[in-house]
Each structure stands twice: as C-alpha cells, then as structure tokens.
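In my numbering, the protein residues as written are 1 to 389. Note sheet for the following structure.
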C-alpha cells in the first residue's frame, strides 16, 4: 500500500490516491468522513475549521461499498477556495493582484525560507500553501482506509494527547483502545486524564490571549497486531523505523519514542527489557511492555505505544519573530497567517491515521494477497501458527 497527496491550503481541493488496497474490502464513505470530522475538532483550533466542513468524495476504486483493487481516489474540497480563486487559481492573473498577495517575509520555524531557496520562489506563498497542516486532511483520508482494513483484521488503534505546554497526563494503562477512544473523543483536548483537562484548556486560552502558540506530545495506542510483523533483516524493513519516519513527517513533529522511549537511557537493562512468558491461550507474551510493542524492528504482539512530539506552530499572531525580507534584506517581523494557538489535539488524530497506514502497509506486504478475504485468512492462520509455536 502507498499513497500520494496533492493540493494547496487555499487551493480548490485536496486529492489523495491510495494504491495497494486489496479487492473486496468493505469501505464506506462515512468511515472516511468520521475520521475527517475528528481531525477538525479540538480546543485551540483557528477560524479555518469554522469555514471548512471536510467531506470526502470517493471518485474511483470503490463500488457499492467494496474496494475494487484498483487505485482509490479521494477528493476533499476546500470551501474557502471561493475567497482565494483569484490568488490560487491555475490561470495567470493581473500583476497588481500578484503584488497584493506576494509574501516576502519568511516565518522562523516554518518551511518558508528553505522552500524559497530550494525552488527559487520569490513569493513565499508558493511554499506555505503546500507546507500547511491543511494537507493532513488528505493524509487522514488515506489513513481512514487503513484503519478500516485494520478493524476488519481485529486490530484497533487510537490517538490522544499526553502533554500540552508541559502539563503531563497520567498513564491510563488499564484502558483498552475502545475505552481510550471514548474518553478522548469526549475531551476538548483529547486527553485521558480528566485531572489535567482544565489546566490544558487554560494554557491554550492563555497562549491565544497573548498571540502565542504551544505544543505538546501525542500518543498512539494499538491492540491486536500479531508478533513478527516487520523485519530485522534490513534497516528499511524495520516497522518501528517506518512508523518513526511517518510520524516526524507530520508538520511540526520533531521527535518520536516507543514505550518508555528516552527514559530507557536512564535505567539499567533489567528495568528496560520485557520478560517473556507463555501460556496455552496467549502463546508467547511479555510480562511488561516497556519497549512499546517492538523488538528488533518487529512487533512483539503486545500493544504498540508510540509518542510524537509536536513543537508550537510557528505562526505567532501577536508576537511574530524577527525575520528578513527576501527582497529588501531588511529585518521585519515575520508574516502572520491565520493559524491555531494549539493543534496538538487535532495532531493526535493525524498521528493515529499516519501510524495506521504504516501498520496496514506492513501487513499487506508480509501477507500479500489481492483479495481481502484471503489476506484475512492468511493473517488468521499466522496468528494460530505463532500461538502454537
């Protein structure tokens, strides 16, 4: 499985093409729309989310509620495009409009300057329109297909918030995926620990009041992945490596850890590694899950626990940082674009779908089959094989 996205933040639409989904897998438009709706929620979102109501249009690859095995095309229209048609349209426009909308002051922490240097654009809008969190709607659409595949294979996944602005939620290890999902979906900041929900909301409001932004940590939790998915043989087949790469590819994500993560550097080995046990019902399992469901680039069969660190959004509404105008080379305050004070709750949904796609991709590679029913049979047979190993 693989996917490509296309589209700009204020362009006509976002397009996703997903390839490699097995034929005859049940897939409904509502499955994708539900995920898109979850991405738009969360305390701290900006006015853009009041404009857009993301709904997917499946234009190929699905017929009568089942996949065909051919590429699946997904379109999410940008309602705000009607206000930007002269600026973002494909056809040439008048010179005075170009000057009116040209951006020459790059924002520190954004792709603005590096993108302008790489592609030679004198108008930084050409960079920021693509390097925008708006693109994550297309990635969530692709991930929703992956989540559907995982669900039919008995694998469940959820993303939520672990930390905002230094306020850390307590672990809720006793909760299942469904329990975590229910609590997260009912929280304005998608946090499982109700004790920190209020302080997190206040921190977001405080940042918004002074025109600043704050970041945090998201966590994704997965149940039902069989052991041995991925590989130790080559670096590019290690599944945890693929997941880490996909997470830091999300806009503003700067770090990843599995299980106890960086805490492992402070502990002795006896307090890091997970002891192995066996019983007739489970087969092999670990008595703890400090490594977050991975050893040697492969799944252990334990829940997958992965965290992603999101830095504050670089657009500062009232406190823009100093930058340099690329035309005059004079110092100026950076450009201000419509943005969020905190996007960590929404980012946890994006991370959930990005991880889901990597898991689905790994399963379809390891248990290759063009028909979904046969893929499911192969995975079920493998589960039984390793249980009796």
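Here a beta-carbon is modelled for each residue, glycine too, at the ideal position from N, C-alpha and C.
| At least 3 beta-carbon pairs within less than 8 Å: the region 274-283 vs the region 313-326 | At 8 Å Cβ cutoff, the stretches do not touch.
| So what does residue 298 bridge to, in DSSP terms? | Residue 298 sits at position 298 when you count from the first residue of the chain shown. Partner(s): 230, 295.
| task | Tell me the start and end of each unbroken beta strand (DSSP E) in the region 8-44 that is at least 3 residues and wholly inside, in chain order. | result | As far as the region 8-44 is concerned, its whole beta strand (DSSP E) runs of at least 3 residues are 13-19.
| Along the chain, which unbroken stretches of the alpha helix (DSSP H) at least 4 residues long are found entirely within the region 124-197? | Taking only runs of at least 4 residues, the alpha helix (DSSP H) segments lying wholly in the region 124-197 are 125-128, 136-152, 177-185.
| field | As assigned by DSSP and simplified to three states, the class of residue 364 | value | Position 364 of the chain shown, counting from 1, holds the residue named residue 364. In the structure shown, the three-state DSSP call for residue 364 is helix.
| Ordered list of beta strand (DSSP E) runs contained in the region 308-374, each at least 3 residues | Entirely contained in the region 308-374, the beta strand (DSSP E) runs reaching 3 residues are, in chain order, 322-324, 331-333.
| said: Threshold first: 4 residues or longer. Then list the alpha helix (DSSP H) segments lying entirely within the region 207-272, N to C. | reply: Taking only runs of at least 4 residues, the alpha helix (DSSP H) segments lying wholly in the region 207-272 are 239-248.
| message | By alpha-carbon positions, which one of 286, 164, 118, 86 ends up nearest to residue 191? | response | Within the chain shown, the letter at position 191 stands for residue 191. With respect to the C-alpha of residue 191, the residue from 286, 164, 118, 86 having the closest C-alpha is 164.
| Cα-Cα separation, residue 353 to residue 85 | The count along the chain shown starts at 1 and reaches residue 353 at position 353. The count along the chain shown starts at 1 and reaches residue 85 at position 85. Going by C-alpha positions, residue 353 is about 30 Å away from residue 85.
| request: Please list, in chain order, all residues of the same chain as residue 205 whose beta carbon is under 7 Å from its beta carbon, the five residues on each side excluded. | output: For the purposes of this step, residue 205 is taken as residue 205 along the chain shown, with counting starting at 1. The same chain holds no residue with a CB closer than 7 Å to that of residue 205 once the five nearest residues on each side in sequence are set aside.
| residue 283: first and last residue of the uninterrupted beta strand (DSSP E) it sits in | For the purposes of this step, residue 283 is taken as residue 283 along the chain shown, with counting starting at 1. It spans 283-286 - the beta strand (DSSP E) in which residue 283 sits, taken as one unbroken run.
| said: Can you tell me whether residue 83 is buried or exposed? The criterion is at least 16 other CB atoms within 10 Å of its CB, across all chains shown. | reply: Counting from 1 along the chain shown, the entry for residue 83 is found at position 83. Per the 10 Å Cβ criterion, exposed.
| For residue 198, the nearest candidate out of 372, 167, 3, 369 (CA to CA) | Position 198 of the chain shown, counted from the start, is the residue given in the question as residue 198. If we check each option's Cα against that of residue 198, 167 comes out closest.
| said: For the structure I just gave you, are there three or more beta carbon pairs, one from the region 144-152 and one from the region 299-317, closer than 8 Å? | reply: The answer is no - the region 299-317 does not touch the region 144-152, with fewer than three Cβ pairs under 8 Å.
| query | Going by the CB atoms, is the gap between residue 240 and residue 258 shorter than 7 Å? | reply | For the purposes of this step, residue 258 is taken as residue 258 along the chain shown, with counting starting at 1. For the purposes of this step, residue 240 is taken as residue 240 along the chain shown, with counting starting at 1. Going by C-beta atoms, residue 258 is nearer than 7 Å to residue 240.
| request: Grab the span of the beta strand (DSSP E) containing residue 116 for me, first residue to last. | output: As a first step, residue 116 is located in the chain shown; it is residue number 116 there, counting from the start. From DSSP, residue 116 is part of no beta strand (DSSP E) but of the alpha helix (DSSP H) over 112-119.
| request: Would you please state the rounded distance, in angstroms, between the beta carbons of residue 88 and residue 11? I believe it to be under 8 Å. | output: The residue labelled residue 88 in the question sits at position 88 within the chain shown. The residue labelled residue 11 in the question sits at position 11 within the chain shown. That belief holds up - the Cβ atoms of residue 88 and residue 11 are roughly 5 Å apart, short of 8 Å.
| For the beta strand (DSSP E) that contains residue 276, what are its first and last residues? | As a first step, residue 276 must be located in the chain shown, where it is residue number 276. For residue 276, the enclosing beta strand (DSSP E) starts and ends at 276-279.
| Buried or exposed (CB count within 10 angstroms, at least 16 for buried), residue 251 | Here the question's residue 251 lines up with position 251 in the chain shown. So residue 251 counts as buried.
| Exposure of residue 360, with buried meaning 16 or more beta-carbon neighbours within 10 Å | Counting from 1 along the chain shown, the entry for residue 360 is found at position 360. By the 10 Å Cβ count, residue 360 comes out buried.
| said: Here's the rule I'm using: 16 or more other beta-carbon atoms within 10 Å means buried, otherwise exposed. How should residue 381 be labelled? | reply: Indexing the chain shown from 1 puts residue 381 at position 381. Residue burial annotation: residue 381 is exposed, with fewer than 16 other C-beta atoms found within 10 angstroms of its C-beta.
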